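One structure below.
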Amino acid sequence: MVELPKAYEPQAVEARWYDFWLKHQCFAANPASAKPAYAIVIPPPNVTGMLHMGHVLNNTIQDILARKARMDGREVLWLPGTDHAGIATQAVVEKTLSQQGRMKHRDDLGREKFLEHVWAWKEKHGGIIIQQLKKLGCSCDWARERFTMDPDYTRCVQKAFVELYRKGLIYRGRRMVNWDPKARTALSDEEVEMLEQKGHLWHLQYPLLDEHDRPRAGEFLVVATTRPETMLGDEAVAVHPADPRYQKILGRKCLLPLQNKPIPIIADELVDPKFGTGCVKVTPAHDPADYEMGLRHQLPFTVVIGPDGRMTAAAGEKFAGLDRAKARQAVVQELTGLGLLLKIEDYVHNVGYSQRSQVPIEPYLSEQWFLKYPSVEPSIQAVAEGRIAFHPDRWGKTYSHWMHNLRDWCISRQLWWGHRVPVWYSRAEGQAGKIWCDLTPPPDPENWEQDPDVLDTWFSSWLWPFATMGWPEATETLKKFYPTTDLVTGPDIIFFWVARMIMAGFEFMGEVPFRNVYFTGIIRDKQGRKMSKSLGNSPDPLDLIGKYGADALRFGTMRSAPLGQDVLFDEKDVELGRNFCNKLWNACRFRQMQGGEVQGEIQPGLLTGDDQWILLKLDQAIREITAAFAEYRFNEATQTLYRFFWSEYCDWYIEASKAILSPQNTPARPDADARRANTLAVIDFVLSHTLRLFHPFLPFITEELWQGMGYHEDMPAAQGGQTIMSAPWPQPLDGDFRGHYGLNAAVLERVNARNDLVSQGRNLRREGNIPANKKVRFVFRPAHPVQPHDAEVLKLLLNAEALEIDPRHQPPKGTPSVQSELGCLYLPLEGLIDVAAEKGRLAKELEKAESEIAKTRQKLDNPAFTAKAPPHVLQTHQQRLVEWQTRSERLRQALAALED
RNA sequence: GCGCGCUUAGCUCAGUGGAAGAGCACUUCCUUCACACGGAAGGGGCCGCAGGUUCAAGUCCUGCAGCGCGCACCA
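Quick note on numbering: the first sequence equals residues 6 to 905 in the numbering used here.
Written out as structure tokens, the structure reads:
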């Protein structure tokens, strides 16, 4: 390995290894493999979308899972692809074309021409997000990339439609649907977002008519509405049938102002007599509840707002052509002029908005295709019984609630970009109403006309887990990798996608589509706001990768993303990731600078306590990280890695190992070279394990170091020899290993005590205002015989000029000292220190010790505690009491020593 | 209205009934031969509030408050 640069430079490294992995087909999934299968299908991003922080979180997790599974020896399929995203994509292309002046509305171009533009757009922008995922390091099997409008995929969508149609689950009907007047299409209920809004309640007076339909001066019915413009389409006023106030006028009529039309007063249970005046205006064509009433009472459905959100001719001359918002003002103005506006109240209410277009939804009566959801029962059961496990599992409740309250899914969209409804209507003489629904168009196309609508995008993506694997054929891929193992997605699409995939899985494959669903949090900015294009608060992940490296972005994101909680993104997290990579880099650089054989054999007889200590810490880290993986607790895994590597390995072990490695610190000993080689062997053992533990999180730098350090050289090609990707996942050190190398609790305690002494000694220096670079003399009075190595490490880590060991040392009055299990450490300052300050410090520590003693004693004096607490808890408390008492006694001595 | 979260250090958050933790920020010292993208030592907490269960509660239970998110046809 050539000499490493002082700081890690990710850019060149990342590109080089990604090419290497691709070239060696490291991401390819082999259905013929004998290894157990592991599969994930990617939540397909919008084909014309750009990578955002949500994608980074989501796909990093998938990549971590995929890479870990490979290291666990499984045959991994991570199947990538993109979604055609009907409304979003069509809207973007429409906007662009109209900005370019090429059309005002898509009708100007016509369907064929317009679709050509969309496809051109897709060709131009469609690959961008895929390239971005590669920059992130995603190990997808790119040869299997799918698009929801691939010809094969389109056939799957059609097949699903035809089958469900033939089962009678798909039907066409005239219904009140959620209409997006901007995109000019129907939407499903899920695509409507209820937003709380400050609005008004307009109280309108409708003149009451007598039995002969004549107005009676001064008699009005007062109705309240949040949408005065809809009054132009009113067909009744409704009251509760039991409302005593209105019994007399039931069956009479009132005069609809502006339209000057008599409308009936009807009785309907739906009306809440306690709300407002107890009178409700009924607009059957523009309100879902009113629609139901319209049906019950056979009212006319007068459409006054058109599909473009403008008033129709039926709204009357004054209003026709006005946008609905303008029409509201105009209606209010007219009614005010007529003296029919009683009052306006401020009113907070919920308004349905189109999630895509961000405009208010218009309830709109139209002919649409609906799906009665299939395989509902088994889908509910699968999650309830845990055959599909949600992480965190509380989402199961949300899922269950939705699944138990299903309403038919409006699947037709009045768009052009998407899968066209595979239905033809006969236009042959005398065949009116005849329908052709099949995978192939009718043989006599001249006699038929295809339905102009396309299907909801989610009607294609709900087939994703098997349509991408060659369904409806029973392909090798399906046999090997279906059902998939894990799905990683956001809880915001639990209804849109997750629930529907489960139903589709049962319906078409007779089996769950996945075993586990991991729900990520939502990425928010520092202020907790959802990241969005319009707010401009979403950083471009590629900028971050350019600045800090992909590994840094991955590590920083994962470290701050706890299971199931939203993530407040802060660039500082990425900076932390970069710093961490740099630390890893330099730790390896340090090893490399030591020279010597790589991966020598570890000799038990030559192990220092520090060597044993770090092996124990490694063992603990392996156990913790593996356990965290099993429960999808990625942030915990990264925290453990951070702690183990930075605090335990770098801060303590490497620093201590310099007592053996660096010639100027190494006392002349016959076995100095052997000891040095042995420590290098331990370092190599630890590093080669550490790199593997890090690999799922930091794929690039770990590969660079794995190969750069030569750790691949002794491994079989398929198990790390070629790439760290296929190196085996580290296993906890087994009993034989621990026995052979003397890894036990006693060693751990001794080294911990020595490290504690180091920390305390450093504190002494600090309290004595000794500059960090000044070497000073310490005296150590050991409680037990001290091992030479420990003394050397003490000297080194205390930056001591000398460490004098004297079991009978009697320090002069006023010498500051600290105590530990191992003995007493003195800092002879010959009166240079501030005695008062030192006394203050000791007094404070003594106070702490006394309070701990009191707390512990209180517990131990409680008979209920000693009777009921489990023995090991009792024992630790007793031990703790002794420790604090010893400490307290030492502190008193030290204080006394400062007294003259 | 119903449901689900959250409330712990200045900030962002971990915390799985048995001594309150991390990162950042802050204070002081240090460019010493892996790393200043670094090292060392510090300061900083009624764990939202009130009850309860328990020998023992940040952790379990019940209220309450504040914030956030779903679901819901009160005009």
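Even glycine gets a Cβ: it sits at the ideal position worked out from N, Cα and C. Given the structure is predicted, the values throughout are model-derived calculations rather than measurements.
Subject >> Cβ-based burial, Gly740 [other Cβ within 10 Å; buried from 16] >> reply: Stepping through the first sequence from its first residue, residue 740 is reached at position 735. Exposed is the call here.
Subject >> Three-state secondary structure (DSSP) of Met6 >> reply: The residue given as residue 6 occupies position 1 in the first sequence. Caution applies to Met6, whose pLDDT of 49 falls short of 50 and renders its modelled position unreliable; the value that the coordinates give is listed next. Coil at Met6, not helix or strand.
Subject >> N- and C-terminal bounds of the beta strand (DSSP E) containing Leu300 >> reply: In the first sequence, residue 300 corresponds to position 295, counting from 1. Looking at the DSSP string, Leu300 is not in any beta strand (DSSP E); the run it does join, the alpha helix (DSSP H), is 293 to 301.
Subject >> Cβ neighbour criterion (16 or more within 10 Å) applied to Met6 >> reply: The residue labelled residue 6 in the question sits at position 1 within the first sequence. Since pLDDT at Met6 reaches only 49, below the 50 mark, its modelled position is unreliable, and the value read off the structure follows with that caveat. Classification for Met6: exposed.
Subject >> Run of the beta strand (DSSP E) containing Asp185, from where it starts to where it stops >> reply: Counting from 1 along the first sequence, the entry for residue 185 is found at position 180. Annotation for Asp185: the continuous beta strand (DSSP E) segment containing it runs 175 to 185.
Subject >> For Gln104 and Asp571, the rounded distance between their alpha carbons >> reply: By one-based count along the first sequence, residue 571 stands at place 566. By one-based count along the first sequence, residue 104 stands at place 99. So the two alpha carbons sit approximately 37 Å from each other.
**OP:** Please state whether DSSP places Asn591 in a helix, a strand or coil.
**Re:** As a position in the first sequence, residue 591 is number 586, starting the count at 1. Note: Asn591 maps to helix in three-state DSSP.
Original post:
What do you reckon, are the CB atoms on Gly59 and Gly326 nearer than 8 Å?
Top reply: Along the first sequence, one-based indexing puts residue 59 at 54. Along the first sequence, one-based indexing puts residue 326 at 321. The answer is no: Cβ separation not under 8 Å.
Original post:
Which residue's Cα is closest to the Cα of Arg937: His57, Gly605, Ile66, Ala12?
Top reply: What is shown of the chain runs 6 to 905, which leaves residue 937 out entirely.
Original post:
Using the C-alpha atoms, what's the distance from Pro733 back to Trp126?
Top reply: Translated into positions along the first sequence, residue 126 becomes position 121. Translated into positions along the first sequence, residue 733 becomes position 728. So the two alpha carbons sit approximately 44 Å from each other.
Subject >> Rounded distance between the beta-carbons of Thr53 and Val97, thought under 8 Å >> reply: Counting from one through the first sequence, the residue named residue 97 turns up at place 92. Counting from one through the first sequence, the residue named residue 53 turns up at place 48. Correct: roughly 6 Å between the Cβ atoms.
Original post:
Just to confirm, are Asn51 and Ala90 a CB contact at a threshold of 8 Å?
Top reply: The residue given as residue 51 occupies position 46 in the first sequence. The residue given as residue 90 occupies position 85 in the first sequence. Yes.
**OP:** Taking only the alpha-carbon atoms, compute the straight-line gap between Leu1 and Leu226 and give it to the nearest angstrom.
**Re:** Any question about residue 1 goes unanswered here, given that the chain covers just 6 to 905.
**OP:** Compute the Euclidean distance between the alpha carbons of Ile607 and Ala679, then round it to the nearest angstrom.
**Re:** By one-based count along the first sequence, residue 607 stands at place 602. By one-based count along the first sequence, residue 679 stands at place 674. Distance between the alpha carbons of Ile607 and Ala679: 10 Å.
**OP:** Using the Cα positions of Ile69 and Met181, report the straight-line distance between them to the nearest angstrom.
**Re:** Counting from 1 along the first sequence, the entry for residue 69 is found at position 64. Counting from 1 along the first sequence, the entry for residue 181 is found at position 176. Approximately 45 Å between the Cα atoms of the pair.
Original post:
In its own chain, which residues sit with a C-beta less than 6 Å from the C-beta of Ala241, not counting the 5 before and 5 after it?
Top reply: Along the first sequence, one-based indexing puts residue 241 at 236. Ile268, Pro269, Ile271, Val287, Leu304, listed in sequence order.
Subject >> Per-residue DSSP class, three states only, for Ser466 >> reply: Taking the first residue of the first sequence as 1, we reach residue 466 at position 461. Here Ser466 sits in helix by DSSP.
Original post:
What do you reckon, are the CB atoms on Gly582 and Leu685 nearer than 8 Å?
Top reply: In the first sequence, counting from the first residue as 1, residue 582 sits at position 577. In the first sequence, counting from the first residue as 1, residue 685 sits at position 680. Taking 8 Å as the Cβ cut-off, Gly582 and Leu685 do not qualify as a contacting pair.
**OP:** Following the continuous beta strand (DSSP E) through Tyr4, name the residue where it begins and the one where it ends.
**Re:** Residue 4 lies beyond the stretch modelled for the chain, which goes from 6 to 905, so this question has no answer here.
**OP:** May I have the straight-line CA-CA distance separating Pro868 from Ala874, to the nearest angstrom?
**Re:** Residue numbering aside, residue 868 sits at position 863 when the first sequence is read from its first letter. Residue numbering aside, residue 874 sits at position 869 when the first sequence is read from its first letter. Their Cα atoms are separated by approximately 10 Å.
Subject >> Inter-stretch contact (C-beta, 8 Å, three-pair minimum) for the segment 363 to 381 and the segment 408 to 419 >> reply: Yes, the segment 363 to 381 is in contact with the segment 408 to 419.
**OP:** On a CA-only basis, which of Val81, Leu255, Ala899 is nearest Ser144? Give me that one, please.
**Re:** Numbered from 1 along the first sequence, position 139 holds the residue referred to as residue 144. The residue from Val81, Leu255, Ala899 with its alpha-carbon nearest to that of Ser144 is Val81.
**OP:** To the nearest angstrom, report how far apart His245 and Ala229 are at their CA atoms.
**Re:** Along the first sequence, read from residue 1 onward, the residue named residue 245 stands at position 240. Along the first sequence, read from residue 1 onward, the residue named residue 229 stands at position 224. About 15 Å.
Original post:
Are there 16 or more other CB atoms within 10 angstroms of the CB of Met236, so buried, or fewer, so exposed?
Top reply: Numbered from its first residue, the first sequence carries residue 236 at position 231. Buried is the call here.
**OP:** Identify every residue that forms a DSSP beta bridge with Trp453.
**Re:** Translated into positions along the first sequence, residue 453 becomes position 448. Beta-bridge pairing links Trp453 to Ser431.
Original post:
Do Ile499 and Trp400 have their C-beta atoms closer together than 8 Å?
Top reply: Here residue 499 is taken as the residue at index 494 of the first sequence, counted from 1. Here residue 400 is taken as the residue at index 395 of the first sequence, counted from 1. For Ile499 and Trp400, yes; Cβs fall inside 8 Å.
Original post:
Is the beta carbon of Pro457 less than 8 Å from the beta carbon of Cys442?
Top reply: Position 452 of the first sequence, counting from 1, holds the residue named residue 457. Position 437 of the first sequence, counting from 1, holds the residue named residue 442. Against a cut-off of 8 Å, the Cβ pair of Cys442 and Pro457 comes out as no contact.
Original post:
Exposed or buried, which one is His409 when buried takes at least 16 other CB atoms within 10 Å?
Top reply: By 1-based counting over the first sequence, the position of residue 409 is 404. Answer is exposed; the Cβ neighbour count stays below 16.
Original post:
If we ignore side chains and look at the alpha-carbon of each, how far apart do Leu56 and Ile440 end up?
Top reply: Sequence index remark: in the first sequence, residue 56 carries index 51 (1-based). Sequence index remark: in the first sequence, residue 440 carries index 435 (1-based). The straight-line gap from Cα to Cα measures roughly 43 Å.
Original post:
Looking at C-alpha atoms only, which residue of Ala566, Trp147, Asp277, Thr307 is the closest neighbour of His291?
Top reply: Within the first sequence, numbered from 1, the residue matching residue 291 stands at position 286. Of the listed residues, the one whose Cα sits closest to His291 is Thr307.
**OP:** For the beta strand (DSSP E) holding Arg221, just list the boundary residues, first then last.
**Re:** As a working mapping, residue 221 is identified with position 216 in the first sequence. Bounds of the beta strand (DSSP E) holding Arg221 are 220 to 230.
**OP:** Take Leu855 and list the residues in its own chain whose beta-carbon comes closer than 7 Å to its own, dropping the five residues that flank it on each side.
**Re:** Position 850 of the first sequence, counting from 1, holds the residue named residue 855. The residue asked about is misnamed: residue 855 is Glu in this sequence, not Leu. Cβ contact annotation for Glu855 (same chain, cutoff 7 Å, sequence separation greater than five): Ser893, in chain order.
Original post:
On the premise that His700 lies in contact with Met76, defined as a C-beta separation below 8 Å, what is that separation, rounded to the nearest angstrom?
Top reply: What you label residue 76 is simply residue 71 of the first sequence in a count that begins at 1. What you label residue 700 is simply residue 695 of the first sequence in a count that begins at 1. Contact flag correct, Cβ pair sits at about 7 Å.
Original post:
Where do the N-terminal and C-terminal ends of the alpha helix (DSSP H) with Ile627 fall, by residue?
Top reply: For the purposes of this step, residue 627 is taken as the residue at position 622 of the first sequence. Here the alpha helix (DSSP H) through Ile627 covers 614 to 635.
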